[in-house]
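Here the structure comes first, spelled out in structure tokens, and everything after it is commentary.
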Amino acid sequence: MVRDKRVQPVLWFLGGVRTVTGSKYLVDSFGTKVLIDCGLFQGKRELRRLNWRPFTVPSDQIDAVILTHAHLDHSGYLPALVRQGYSGPVYTTPYAAKLAEIVLKDSARLLAEDADHANAHGWSRHQPALPLYTEDDVDRVLAQVQPLEHDKPADVAPNARVTLRRGGHILGSSWAELTVNGAGGPATIVSSGDLGTPVHAVLRPPEPFTGADVLLVESTYGSRSHADEATRQDFAEAITRTLDRGGSVLIPAFAVDRTEVILRTLHMLIRAGQVPAAPVYVDSPMALATLKVYQQAVASGDDELRADVIADGPVAFDPGRPCELYAHDVSGRPSQPARPSVILSASGMATGGKVLHHLRHMLPDKRNTVMIVGYAAEGTRARHLASGARAIKIHGQYVPVRAEVAVVEAFSAHADAGDVISWLIAAGAPAPRTTFVIHGESSTATALRDRIDAELGWTTVVPEFGERVLVGTREEQD
Ligand SMILES: [Zn+2]
């Protein structure tokens, strides 16, 4: 059948391809434009520079934004879009909106600090250097949020209907199903967002994929498989031997979700007698704000949470001594606990934040342990420590590394390659017309593409940044 290609929906990859940051996927159907995710580019300078370009289409032409979850690489460009004039709705779940408030306000503060730093050192081309956005822009984003519960379809624009499904990645996360009308009838585009792992300590696994004409699937860990039980054992053993020798454990941890997962795991291990009870400190205002949101979800019995977490209620994230979680002085210079203890602090890769004070204090003592529990990008202090550095630079000075450094990758919030394949086939959905592998470095995206191709035989592509494709329906193939 001959079709007029001009009236087929178009899918445009504006970020989050061949990288894990800057997720932005624009669907344009008969002039209705829906943007799925609106993430900030992070990491390398070439990527970060993309944040400063005007958005690809005039922002007032966008009809709706769908936000799959609160992480900055999916939400962090929203205030910039609003600053450029976007005044339409941002559809996301209520918990994603609560976490987005914490994440975006922190982002605005960091951007303001960057601008101040640039002005103080005179290295900006702009005089004075201005932040990409401010807290006021964040407030405008929050005012534009339209809460959308999981599994409740909503007409988000003329000719565009969205349903968010449970994503199991962080609280409030979703995968998104968008249906638009093309020349060949309705076409469904599914974006996986970030997919959780079935062994998440707090959240239930993602709702299985139920089919789409076009599928976008994430590949953060597309070439890896987690060995969760073994690493959880390593985690327990490292804490136990450190406490036994009179040392303390420092865990640099991402504030959103990772802290809750670690606290929950500690709770379970202490309860099972696999780790001795010790004071646990959370030294990160952002982590504590996030913890409150998770505790609200537990109190309301939210069905994103695992049944055992809801059953434990108020003590679900309590490693045994609840007062200790909040007793710590979180002002600029954290005092060090006298007794052997476990300290969680951000940032997760030790690139900044309060964790630096703890590192400086704890690294020179060989009784202590610094535990690296997640992905550590190249060039970060966490990576240097994991690679066996004997000294690391903090606040301009080298600090000797005499403490034990334990690398325990037990707490990824992302599905690995096997998890992704299981998610794709769990509901017996037919093959999409095209599957695009997104949100992964080129090598991991390619590895996942090859695996989907080999195991499922689906037409699978790793798109290019800026690429546009027509969205056809599965029926049109015949
Ligand atoms: Zn994420």
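Counting in my numbering, the sequence shown tops out at residue 464, every number present. C-beta: ideal position from N, C-alpha, C; glycine also.
Is residue i near residue j, with beta carbons less than 8 Å apart?
{"i": "Q28", "j": "V457", "result": "no"}
{"i": "G154", "j": "L181", "result": "yes"}
{"i": "A332", "j": "M254", "result": "no"}
{"i": "L349", "j": "V188", "result": "no"}
{"i": "T183", "j": "D405", "result": "yes"}
{"i": "G74", "j": "V51", "result": "yes"}
{"i": "S285", "j": "L229", "result": "A quick correction: the sequence has Ala, not Ser, at residue 285. The answer is no: Cβ separation not under 8 Å."}
{"i": "D49", "j": "T18", "result": "yes"}
{"i": "T120", "j": "A104", "result": "no"}
{"i": "Y77", "j": "A283", "result": "no"}
{"i": "T430", "j": "S209", "result": "yes"}
{"i": "V268", "j": "T226", "result": "no"}
{"i": "F41", "j": "L202", "result": "no"}
{"i": "F(-1)", "j": "E453", "result": "yes"}
{"i": "G62", "j": "T459", "result": "no"}
{"i": "T7", "j": "L26", "result": "yes"}
{"i": "R190", "j": "R152", "result": "yes"}
{"i": "R250", "j": "A302", "result": "yes"}
{"i": "V200", "j": "V266", "result": "no"}
{"i": "W161", "j": "P139", "result": "no"}
{"i": "P117", "j": "D100", "result": "yes"}
Just to confirm the assignment, what range does the beta strand (DSSP E) spanning residue i have?
{"i": "R152", "result": "A146 to R152"}
{"i": "N167", "result": "S160 to G168"}
{"i": "W(-2)", "result": "V(-4) to G1"}
{"i": "R454", "result": "R454 to L456"}
{"i": "A420", "result": "Note on identity: in this sequence residue 420 is Thr, with Ala being the wrong assignment. Where T420 is concerned, the enclosing beta strand (DSSP E) stretches over T420 to I424."}
{"i": "D546", "result": "Not covered by the structure: residue 546. The range shown for the chain is -13 to 464."}
{"i": "L410", "result": "It is not in any beta strand (DSSP E) - L410 instead sits in the alpha helix (DSSP H) that spans A403 to I411."}
{"i": "S331", "result": "V328 to S331"}
{"i": "P238", "result": "V235 to P238"}
Would you tell me roughly how many angstroms separate the C-alpha atoms of residue i and residue j, rounded to the nearest one?
{"i": "H60", "j": "Y11", "result": "10 Å"}
{"i": "I424", "j": "C24", "result": "14 Å"}
{"i": "W393", "j": "V166", "result": "Sequence check: residue 393 is Val here, not Trp. Cα to Cα, V393 sits roughly 46 Å from V166."}
{"i": "G306", "j": "L(-3)", "result": "50 Å"}
{"i": "A198", "j": "A368", "result": "39 Å"}
{"i": "E163", "j": "I248", "result": "31 Å"}
{"i": "H186", "j": "A106", "result": "43 Å"}
{"i": "A377", "j": "Y384", "result": "6 Å"}
{"i": "D402", "j": "V176", "result": "19 Å"}
{"i": "E204", "j": "G179", "result": "7 Å"}
{"i": "L36", "j": "L371", "result": "30 Å"}
{"i": "I256", "j": "K352", "result": "24 Å"}
{"i": "H343", "j": "R435", "result": "42 Å"}
{"i": "R147", "j": "V295", "result": "33 Å"}
{"i": "S373", "j": "G1", "result": "30 Å"}
{"i": "A413", "j": "P194", "result": "6 Å"}
{"i": "T337", "j": "T206", "result": "20 Å"}
{"i": "I407", "j": "T445", "result": "14 Å"}
{"i": "A415", "j": "T196", "result": "5 Å"}
{"i": "G299", "j": "G71", "result": "43 Å"}
{"i": "L90", "j": "F240", "result": "15 Å"}
{"i": "G382", "j": "Q281", "result": "38 Å"}
{"i": "L330", "j": "R388", "result": "19 Å"}
{"i": "T79", "j": "D141", "result": "15 Å"}
{"i": "D102", "j": "K340", "result": "20 Å"}
{"i": "P133", "j": "D92", "result": "21 Å"}
{"i": "R288", "j": "N354", "result": "Sequence check: residue 288 is Asp here, not Arg. D288 and N354: Cα-Cα distance of roughly 38 Å."}
{"i": "G426", "j": "S211", "result": "15 Å"}
{"i": "R319", "j": "L345", "result": "Interpretation of R319 is limited by its pLDDT of 46, a score under 50 that renders its predicted location unreliable; the figure taken from the coordinates is listed afterwards. The alpha-carbon atoms of R319 and L345 are separated by roughly 12 Å."}
May I ask which residues mark the beginning and end of the alpha helix (DSSP H) holding residue i?
{"i": "L67", "result": "L64 to R69"}
{"i": "R34", "result": "R31 to R35"}
{"i": "Y280", "result": "P271 to A285"}
{"i": "R257", "result": "R244 to R257"}
{"i": "V295", "result": "A293 to D298"}
{"i": "T18", "result": "Run containing T18: none in the alpha helix (DSSP H); it sits in the beta strand (DSSP E), T18 to I22."}
{"i": "L442", "result": "S428 to L442"}
Flag residue i as yes if its beta-carbon sits less than 8 Å from any beta-carbon of chain D, otherwise no.
{"i": "A283", "result": "Although the question refers to chain D, the structure presented lacks it and comprises just one protein chain."}
*Taking one C-beta from the segment 14 to 22 and one from the segment 126 to 133 each time, how about it: are there three or more such pairs within less than 8 Å?*
no
*Okay, do the segment 63 to 78 and the segment 271 to 291 touch, 3+ Cβ pairs below 8 Å being the bar?*
no
*asked:* I'd like to know if the segment 86 to 98 and the segment 48 to 59 are in contact, where contact means that at least 3 CB-CB pairs between them fall below 8 Å.
replied: yes
*Which ranges would you report for the beta strand (DSSP E) in the segment 345 to 391 if only whole runs of at least 3 residues count?*
355 to 358, 377 to 380 and 383 to 386
*Within the chosen definition, does the segment 438 to 455 reach the segment 229 to 238 through at least 3 CB pairs nearer than 8 Å?*
no
*Can you list the alpha helix (DSSP H) stretches of 4 or more residues lying completely in the segment 37 to 96, in chain order?*
58 to 61 and 64 to 69
*Please specify which runs of the alpha helix (DSSP H), each continuous and at least 4 residues long, are wholly inside the segment 116 to 149, giving them in chain order.*
121 to 129
*Okay, do the segment 240 to 254 and the segment 353 to 365 touch, 3+ Cβ pairs below 8 Å being the bar?*
yes
*Go through the segment 171 to 224 residue by residue and report every complete run of the beta strand (DSSP E) that reaches 3 residues or more, in order.*
171 to 177 and 200 to 204
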